[in-house]
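Worksheet for the structure shown next.
Dropping the structure here:
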């Protein structure tokens, strides 16, 4: 339900799977790592950056109170909406837009999940993190990143690298890489 039909034979592979528009659905083991580090709970309000296929969105919706997910590619957001509606998940709001600026209207967020790599941690996302909130984001170059766990504790922001040498699609937007640069590379 979350993958294009042409990719169904690969649905059980533990590898990134193309979902169109130069994007991939992260492998299940990576999504499990995200959940195990962030430990989303039933009272948590979550911001997801990069809806993609909607699979991680669904896992978060089953676990958490409310999920707000931002996707920059309209077609992927529409596909994810269709899949989520099919599962009758009603605690999810989707928006097409620049994920690097978050979704201030519903902030603060207990958990922020970023599924694309940024050259640095977008300040708007840190600003929207609640006290005791946690975020996981790949940070680095376009070719190699490290997975950074960000926590707000006692008004201070703490960062810890939890995995190195990973590779994600680039986060495009105001506080990451320019959309125009990505279009030139395509």
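In the working numbering, the protein residues as written are 94 to 279.
All C-beta atoms in this analysis are idealised placements derived from N, C-alpha and C, irrespective of residue type, glycine included.
Reduced DSSP category for residue i - H, G, I as helix; E, B as strand; rest coil
i, result
"residue 216", "helix"
"residue 101", "helix"
"residue 193", "helix"
"residue 124", "helix"
"residue 239", "strand"
"residue 185", "strand"
"residue 272", "helix"
"residue 96", "coil"
"residue 266", "coil"
Alpha-carbon spacing of residue i relative to residue j, whole angstroms
i, j, result
"residue 181", "residue 116", "25 Å"
"residue 328", "residue 166", "Not covered by the structure: residue 328. The range shown for the chain is 94 to 279."
"residue 109", "residue 268", "25 Å"
"residue 204", "residue 177", "20 Å"
"residue 223", "residue 255", "21 Å"
"residue 97", "residue 252", "36 Å"
"residue 247", "residue 101", "46 Å"
"residue 202", "residue 210", "20 Å"
"residue 212", "residue 230", "10 Å"
"residue 234", "residue 270", "10 Å"
"residue 225", "residue 244", "7 Å"
"residue 129", "residue 150", "15 Å"
"residue 120", "residue 171", "21 Å"
Beta bridge counterpart(s) of residue i as assigned by DSSP
i, result
"residue 224", "Paired residues: none, contrary to the question."
"residue 113", "116"
"residue 106", "None, per the DSSP bridge assignment."
"residue 252", "243"
"residue 201", "Partner(s): none; residue 201 has no beta bridge."
"residue 206", "141, 229"
Span of the beta strand (DSSP E), counted from its first residue to its last, around residue i
i, result
"residue 178", "From DSSP, residue 178 is part of no beta strand (DSSP E) but of the alpha helix (DSSP H) over 167 to 179."
"residue 161", "159 to 164"
"residue 135", "Segment: none, residue 135 is in no beta strand (DSSP E) and carries neither H nor E."
"residue 144", "Unbroken run through residue 144: none, as it is neither H nor E."
When the options are compared against residue i, the one with the closest alpha-carbon
i, options, result
"residue 139", "103, 154, 109, 179", "154"
"residue 159", "100, 199, 219, 184", "184"
"residue 146", "169, 207, 230", "169"
"residue 132", "156, 221, 120, 142", "156"
"residue 239", "221, 263, 161", "263"
"residue 206", "198, 219, 212", "219"
"residue 241", "200, 194, 214", "214"
"residue 265", "227, 193, 250", "193"
"residue 125", "113, 152, 162", "152"
"residue 259", "144, 249, 217, 232", "232"
Residue interval of the alpha helix (DSSP H) (run including residue i)
i, result
"residue 149", "148 to 156"
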